[in-house]
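Residue numbers (the numbering used here): 491 to 978.
Everything below concerns the one structure shown next.
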């Protein structure tokens, strides 16, 4: 790919990224709403931040911990129509077979679970739809018989994961980057997920039972990944699935074995900016300095060359040289890549981007600032952090895992699933997702199940969303302004 061609493609891709972001914002109008294009919730950022999820839809309560049946997590996710899933029970939910979400416009509000919250274990949860918001949930799979992810699937577009915790996957902890389109001739064709955000999440301790303990494959077309923690996974922290725009900034990586960020192909436009890399006891000496490894996997393009990478302002603990200049040893290539591309210097010249590629902006911090923010706030922090995340975060802070070198084979290596205690949920007479006391406080009617879908202050969020977001339903705030788009 010559420089003129690269510049032309870059201009095209930048324009397409803007179009994709605008199309995500216009999702509101596809639902017939006159509300302004507010973020999915205050604090939602990046490419997937404009999805409405289940806004204005029916409320579905999870009332038991059963695998299936009325009141189950499975029944709520498999329902049709716009919906907001709230929890009236806390504890462990054990899936005995895969749970597939196929109907769009869904919000899963894990912060509503009483007691210690909920944790999904056993089989895989798959997101095979579009327009989904998932917040404050734990997916700790731990299934040892079938190799698969804790959370995966074939998401189409407009997806945001926020403050979730993923661990003990037997393939990857969380993998979202493509979907399958049925072609006219009956064949299947892989397509890239569009408009995806994963933010403030934890991916830790993928199981190394099959030498496949990977953090995740993330990507698609127009993806934003910020303020996440990858800890004690051997590789794919993450791997780039499909090409196009991949924006990775303000994340923390700890104790990888042999791979940090890698993947992509000639169609990839990758930003790796202001991330914090902290090698641990499992990290091999040859990759302690590695920020990323561009590859040419021929996912969108047949050209045998990597794409373009903008890499800057990343901090590597123990390596001031690479921290000062990430391209001074921090961007690496496998030997086959180098051999087929004319040598290391030739590859570096073709791969290196001089300016950041187009992306939906976030509130960016320096790498050390992001390190502190991620350790303080990432993962399923509501209703409270569980012992698994607390142990992981303590290990990151100390630079030393509490079990061996941090790479584990089974959940039993670290004590298994903790106990998740439930508690009585708040009274909700009309089952609209808003507690009676909260409705009375703000002048709503605890006997009117319809007032949850109203927007009393006309700010774009329904009254129920105001409760879920811990905001005031009587106070008009312009959440489209960046200074107001903060997690509440």
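Yeah, the Cβ is synthetic: ideal placement off N, Cα and C, and Gly gets one too.
Remember, it's a predicted structure, so these values are computed and weren't measured experimentally.
**Study point:** Environment of residue 905 [buried if 16+ CB atoms lie within 10 Å]
**Key:** Exposed: under 16 other Cβ atoms inside 10 Å.
Review point. Cβ of residue 579 within 8 Å of Cβ of residue 599?
Key: no
Exercise for review: Give a yes or no on whether the C-beta atoms belonging to residue 583 and residue 622 are separated by under 8 Å.
Suggested key: Remark: C-beta atoms of residue 583 and residue 622 do not approach each other more closely than 8 Å.
Practice item. Return helix, strand or coil for residue 564, following the three-state DSSP convention. Key: Helix at residue 564.
Check your understanding: How many Å lie between residue 713 and residue 874 at the Cα?
Key -> About 28 Å.
Exercise for review: Measure the Cβ-Cβ separation of residue 732 and residue 682 and say whether it is below 8 Å.
Suggested key: yes
Check your understanding: Starting from residue 879 and walking both ways along the alpha helix (DSSP H), at which residues does that stretch end?
Key -> 877–888
Check your understanding: So does the region 672–681 actually touch the region 713–722, counting three or more Cβ pairs closer than 8 Å?
Key -> no
**Study point:** Between the CA atoms of residue 665 and residue 617 - distance to the nearest angstrom
**Key:** 10 Å
Review point. So what does DSSP say about residue 838, is it helix, strand or coil?
Key: helix
Check your understanding: Taking the beta strand (DSSP E) that residue 672 falls in, what are its first and last residues?
Key -> 668–672
Review point. DSSP on residue 461, reduced to helix/strand/coil?
Key: The chain is shown from 491 up to 978; residue 461 falls before or after that span and cannot be answered.
Check your understanding: Where do the ends of the beta strand (DSSP E) carrying residue 811 lie?
Key -> No beta strand (DSSP E) holds residue 811; the alpha helix (DSSP H) holding it covers 810–814.
Point to revise | the region 760–770 touching the region 732–749, judged by at least three CB pairs closer than 8 Å | key: yes
Review point. Whole-angstrom Cβ separation of residue 868 and residue 719, contact assumed at under 8 Å?
Key: 5 Å
Check your understanding: Where does the unbroken beta strand (DSSP E) through residue 927 begin, and where does it stop?
Key -> Unbroken run through residue 927 is the alpha helix (DSSP H), 926–931; no beta strand (DSSP E).
Practice item. Decide if the region 537–556 is in contact with the region 916–923; the criterion is three or more beta carbon pairs, one per stretch, under 8 Å apart. Key: yes
Check your understanding: Is it true that the CB of residue 646 sits closer than 8 Å to the CB of residue 700?
Key -> no
Check your understanding: Would you call the region 809–823 and the region 838–853 touching, i.e. three or more CB-CB distances under 8 Å?
Key -> yes
Review point. Does the beta-carbon distance from residue 538 to residue 707 come in below 8 Å?
Key: no
Practice item. Tell me whether residue 689 is buried or exposed, calling it buried when 16 or more other Cβ atoms sit within 10 Å of its Cβ. Key: Classification of residue 689: buried, given that the 10 Å Cβ count is 16 or more.
**Study point:** Alpha-carbon spacing of residue 961 relative to residue 795, whole angstroms
**Key:** 49 Å
Practice item. With a threshold of 16 other CB atoms inside 10 Å of the CB of residue 849, please say whether the residue is buried or exposed. Key: That one is buried.
**Study point:** Neighbourhood of residue 925 by C-beta, 7 Å cutoff - its chain only, sequence neighbours within 5 removed
**Key:** 916, 917 and 918
Point to revise | DSSP state of residue 541 mapped onto helix, strand, coil | key: coil
Check your understanding: Is residue 689 helix, strand or coil when you go by DSSP?
Key -> Note: residue 689 maps to strand in three-state DSSP.
Review point. Alpha carbon to alpha carbon, how far is residue 819 from residue 653?
Key: Separation of residue 819 and residue 653 (C-alpha to C-alpha, rounded to the nearest whole angstrom) is 33 Å.
Review point. When DSSP builds the beta bridges, which residues end up paired with residue 722?
Key: DSSP lists no partner for residue 722.
Practice item. Determine the direct distance from the alpha carbon of residue 711 to that of residue 754, and round the result to whole angstroms. Key: For residue 754 and residue 711, the distance between alpha carbons rounds to 12 Å.
Exercise for review: Using a Cβ cut-off of 8 Å (strictly closer), state whether residue 913 contacts chain B.
Suggested key: In the displayed structure, chain B is absent; only one protein chain is listed.
**Study point:** Length of the line joining the Cα atoms of residue 729 and residue 592
**Key:** 25 Å
Practice item. Would you mind giving the Cβ-Cβ distance between residue 886 and residue 872, rounded to the nearest angstrom? I have them listed as a contact below 8 Å. Key: Actually they are not in contact, since the Cβ atoms of residue 886 and residue 872 sit about 20 Å apart, beyond 8 Å.
Practice item. Output the residue ranges of the beta strand (DSSP E) runs that lie fully inside the region 583–625 and measure 3 residues or longer, sorted by chain position. Key: 589–591, 596–599, 608–612, 615–617 and 622–625
Practice item. Just the C-alpha distance for residue 771 and residue 744, rounded to the nearest angstrom, thanks. Key: 10 Å
**Study point:** Whole-Å CB distance - residue 970 paired with residue 528, under 8 Å assumed
**Key:** 6 Å
Check your understanding: Can you list the beta strand (DSSP E) stretches of 3 or more residues lying completely in the region 733–790, in chain order?
Key -> 734–739, 742–744, 751–753, 758–763, 766–768 and 782–784
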